[in-house]
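For reference, the structure discussed in these notes is given below.
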Amino acid sequence: MKSQWECLLENLGDWQGSFSQLGPDGEVLVNTPTLVAFEGINNNQTMRQLVRRFLPSQDASGKPEIQDKILEYSSLNRGTLFFENGAFSQGSMQFGPFAEFGAELGLIAGDQRLRLVQLFNRDGNLHQLTLIRETRTGTEVVERPLLRLPDLLGEWQGEAVTIYPDWRSPDTYPIRLKLHQESPERLVQQLTFGIGDAARTITSTARIDGSILHFDQSAQAVRVLLLPNGASSNCPQHLKVGQPFVLEVGWLIEPDLRQRMVRRYDAQGGWSSLTLVTEQKIAAAS
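Count along the sequence shown starting at 1, add 15, and that's the number in this note's numbering.
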């Protein structure tokens, strides 16, 4: 297996794209062009990271204002984990009342990256989302449309890899997802994961409200937002003390290929695991 640092190095290069600030309902509020560059120095023992934002002009020249942030680091903090393809998540280790909370979930597919930041305010309410779409400089930019519910309907099958903040051995297991539209207002989801006697199936339903799916049948109600570039955001609108929850990003890379990343927190609010799912559509909606 690669070390966590070697997994980080999968992100080397210059990534051009945009940071889109979204409201809690997924509406785009502000879109900022960006360049994020990862440069390995000291024989790749140190990472130099540049985050450049091109802000609207503040004068009559019309030229964008450039805002740079430069970081150098030679180790990773405890709130960050990487997968072997370079996908990663970083964020809060612990949720608690009266504190801001959030995480970033980053997916990678060849020379394309998609990242989502989910931020909650001190009252535990979802406050802001940032959707980040990037292409490695010198490669083709792939424009993906807004994700629609029909894109997801059908049966998906793939593999899940779960890694842990305590660095125990990863778990790898098959996963199957069925999404069926029962009526114009109701979606049924059936998720099966694991092997043999350890396999589990969870069935849930959602109320369809345009580009928002409301899964409100459990103690911790969540919403799935269908977003630009084939992306989706899955998280609670309000975090409750004493309830486990997940933060999730999805990415429809091709019509029959999807990635998802799930960051799980336990009932005590502690970060417990990170899962990367790669799944193929094996059957269309019936």
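All residues carry an ideal CB built from backbone N, CA and C; glycine is no exception.
Look at the alpha carbon of residue i and the alpha carbon of residue j, and state the distance between them as a whole number of angstroms.
i    : j    : result
N249 : R137 : 20 Å
P39  : R151 : 29 Å
S219 : E197 : 12 Å
Q295 : G169 : 11 Å
L192 : D74  : 52 Å
F103 : S233 : 28 Å
A118 : L141 : 12 Å
E115 : S301 : 43 Å
L65  : L241 : 30 Å
A236 : L120 : 20 Å
Q274 : P259 : 23 Å
V51  : E149 : 9 Å
E269 : I297 : 13 Å
Residue i bridges to which residues according to DSSP?
i    : result
L206 : L192 and I217
G284 : Looking at the DSSP assignment, G284 forms no beta bridge with any residue, so it has no partner.
A234 : DSSP, once it has assigned bridges, lists no residue as partnering A234.
V292 : A175 and R275
W266 : A246 and Q274
M62  : G55 and Y88
A298 : E170
R159 : R159 pairs with nothing; no bridge assigned.
D186 : T177
T150 : Q31 and Q127
V132 : E119 and T145
Going by the CB atoms, is the gap between residue j and residue i shorter than 8 Å?
i    : j    : result
Q60  : S107 : no
V176 : P185 : yes
Q82  : R63  : no
L202 : L228 : yes
Q109 : T95  : no
Can you tell me where the alpha helix (DSSP H) holding residue i begins and where it ends?
i    : result
L27  : Looking at the DSSP string, L27 is not in any alpha helix (DSSP H), and its letter there is neither H nor E.
D166 : L164 to L167
Quick one: using the 10 Å Cβ neighbour count with 16 as the cut-off for buried, is residue i buried or exposed?
i    : result
V132 : buried
S76  : exposed
F113 : exposed
E174 : exposed
T290 : buried
Cβ-heavy atom distance between residue i and the ligand GTP below 7 Å?
i   : result
C22 : Looking for the ligand GTP in the displayed structure turns up nothing, as the structure carries no ligands at all.
If you follow the beta strand (DSSP E) that residue i is in, where does it begin and where does it stop?
i    : result
V43  : V43 to I56
G139 : From DSSP, G139 is part of no beta strand (DSSP E); its letter is neither H nor E.
F103 : F103 to G106
L254 : Per DSSP, L254 belongs to no beta strand (DSSP E) and is neither H nor E.
Against chain C, does residue i count as a neighbour if the rule is that its beta carbon must be under 8 Å from one of theirs?
i    : result
R191 : Within the model displayed, chain C is absent; a lone protein chain is all it includes.
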